[in-house]
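Chemist:
In this note's numbering, the protein residues as written are 14 to 47.
1) Can you grab the Cα-Cα spacing for the pair residue 44 / residue 37, in whole Å?
2) Does the beta carbon of residue 27 fall short of 7 Å from some heavy atom of the ligand SAM?
3) So, at 6 Å on beta carbons, what are the nonlocal neighbours of residue 16 in its own chain, with the 5 sequence-adjacent residues on each side left out?
Here is the structure:
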């Protein structure tokens, strides 16, 4: 049970970090082009 919770937390944080990276890179690209 604990292992499942830890893996779920890891997947959630990785997805949040990847999503934030995509959003920040997109914002940087827009700021650079405009």
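Note that the Cβ used here is the ideal one computed from N, Cα and C, for glycine as well.
Owing to the predicted nature of the structure, the values given are computational and were not obtained by experimental measurement.
Modeler: Per the coordinate set shown:
1) 10 Å
2) Only the bare structure without any ligand can be found here, which leaves the ligand SAM out of the picture.
3) none
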